[in-house]
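I have placed the structure first, in the form of structure tokens, so that the comments after it can refer back to it.
Numbering (this note's numbering), first residue to last: -1 to 232.
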């Protein structure tokens, strides 16, 4: 699979690095970096986009400005992408109204788009598109396999990583931790990585997206513990 990631700064670069390092070896991962400063409204994308972008099956938009999101249809046209993942780890970068507008435009172009909030909530069931599902098989909502020695964690295997790579950091930090402390400890490790999602309270979840991301990690640990102990997982 060919992936093109549109980035602006450290937030996007960290995801590019994690996907290149931990994704399947046959994935071709490229990135295009936009300027840190963009106009509020992009009337003409020509000054900001090259005539040609690396050809891709999947475009992942990781801009830190609404202008990058506005250029998603142009990036699709120039890269040939057949699917788009446009996460919102900060609503100011991609507000719901703009996401809906772009999704509609892409659908008219025959291109599927998903809008995970936050990125680490992405699941295979969120789309029937083969490229989105392929990415979500390896990155998105974390999945862990946990083994114990008595009541302490002996091993943690990452089945699915958060796109930023935080799940592997959490897994390493859980080694030797007592079972009863593991879920809470995983939330602390997630924040310490650090999580770059916003700390602004989100109206949809009545919580911050950083805390929402931490919840994804804690639920993965909770499920891993239940499966290791042979108890039913919700």
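Quick reminder that beta carbons are idealized off the backbone N, C-alpha and C, glycines included.
Keep in mind the model is a prediction, meaning the values are calculated, not measured.
Beta strand (DSSP E) containing residue 2: first to last residue?
-> For the purposes of this step, residue 2 is taken as residue 4 along the chain shown, with counting starting at 1. Note, residue 2: beta strand (DSSP E), 0 to 5.
For the stretch 68 to 85 and the stretch 110 to 122, state whether three or more C-beta atom pairs, one from each stretch, are separated by less than 8 angstroms.
-> yes
Minimum length 3: unbroken beta strand (DSSP E) runs contained in the stretch 115 to 157 = 141 to 147
Per DSSP, residue 234 forms a beta bridge with which residues?
-> What the structure shows of the chain is the stretch from -1 to 232, and residue 234 is not part of that stretch, so it cannot be assessed.
Considering only the beta carbon of each residue, do residue 152 and residue 181 sit closer than 8 angstroms?
-> Start at 1 with the first residue of the chain shown, and residue 152 comes out as number 154. Start at 1 with the first residue of the chain shown, and residue 181 comes out as number 183. Contact flag unset, no.
The beta strand (DSSP E) enclosing residue 110, as first and last residue numbers | Taking the first residue of the chain shown as position 1, residue 110 is located at position 112. Where residue 110 is concerned, the enclosing beta strand (DSSP E) stretches over 110 to 112.
Cβ-Cβ separation, residue 79 to residue 96 (assumed contact under 8 angstroms), whole Å | On the chain shown, position 98 is the one that residue 96 refers to. On the chain shown, position 81 is the one that residue 79 refers to. In fact, because the Cβ distance is near 19 angstroms, the residues do not count as touching under 8 angstroms.
Would you kindly work out how many angstroms separate the C-alpha atoms of residue 163 and residue 207, rounded to a whole number?
-> Counting from one through the chain shown, the residue named residue 163 turns up at place 165. Counting from one through the chain shown, the residue named residue 207 turns up at place 209. Straight-line Cα distance between these residues: approximately 17 angstroms.
Straight-line Cα distance separating residue 14 from residue 54 | Against the chain shown, residue 54 aligns to sequence position 56. Against the chain shown, residue 14 aligns to sequence position 16. Approximately 15 angstroms between the Cα atoms of the pair.
Can you tell me whether residue 42 is buried or exposed, with buried defined as 16 or more other CB within 10 angstroms of its CB?
-> Position 44 of the chain shown, counted from the first residue, corresponds to residue 42. By the neighbour-count rule (16 or more Cβ atoms within 10 Å), residue 42 is not buried but exposed.
Taking DSSP as the reference, what is the three-state secondary structure of residue 199?
-> Locating residue 199 in the chain shown gives position 201, counting from the first residue. In this structure, residue 199 counts as strand in the three-state DSSP scheme.
Mind checking which residues open and close the alpha helix (DSSP H) that includes residue 56?
-> Numbered from 1 along the chain shown, position 58 holds the residue referred to as residue 56. First-last for residue 56: 56 to 60, but that is the beta strand (DSSP E), not the alpha helix (DSSP H).
Opening and closing residue of the beta strand (DSSP E) in which residue 81 lies | Translated into positions along the chain shown, residue 81 becomes position 83. Residues 81 to 83.
With DSSP collapsed to three states, give me the class of residue 179.
-> In the chain shown, the residue the question calls residue 179 occupies position 181. The answer is helix: DSSP assigns residue 179 an H, G or I state.
Residues of its chain near residue 107, where Cβ-Cβ distance is below 7 angstroms and the 5 sequence neighbours each way are ignored = Position 109 of the chain shown, counting from 1, holds the residue named residue 107. Contacts found: 71, 74.
For residue 226, the first and last residue of its enclosing alpha helix (DSSP H) | Here residue 226 is taken as the residue at index 228 of the chain shown, counted from 1. Looking at the DSSP string, the run of the alpha helix (DSSP H) that includes residue 226 is 207 to 226.
Residue 232 versus residue 40 - alpha carbon distance | Stepping through the chain shown from its first residue, residue 232 is reached at position 234. Stepping through the chain shown from its first residue, residue 40 is reached at position 42. Note that residue 232 scores a pLDDT of 49, beneath 50, so its modelled location is shaky; the value from the coordinates is reported in the next line. The alpha-carbon atoms of residue 232 and residue 40 are separated by roughly 45 angstroms.
Check each candidate in 8, 25, 6 and name the one with the smallest Cα separation from residue 137.
-> One-based indexing of the chain shown puts residue 137 at position 139. Closest option to residue 137, Cα to Cα, is 25.
Starting from residue 96 and walking both ways along the alpha helix (DSSP H), at which residues does that stretch end?
-> Indexing the chain shown from 1 puts residue 96 at position 98. Taken as a continuous stretch (DSSP letters only), the alpha helix (DSSP H) holding residue 96 covers 94 to 106.
What number of angstroms, rounded off, separates the C-alpha of residue 154 from the C-alpha of residue 226?
-> To locate residue 154, count along the chain shown from 1; it is residue 156. To locate residue 226, count along the chain shown from 1; it is residue 228. If I take the Cα positions, the gap works out to 11 angstroms.
Please name the residue in 194, 63, 65, 160 whose C-alpha comes closest to that of residue 19.
-> Taking the first residue of the chain shown as 1, we reach residue 19 at position 21. Among 194, 63, 65, 160, the Cα nearest to that of residue 19 belongs to 160.
Residue 67, enclosing alpha helix (DSSP H) - first and last residue = The count along the chain shown starts at 1 and reaches residue 67 at position 69. Segment 64 to 68, the alpha helix (DSSP H) holding residue 67.
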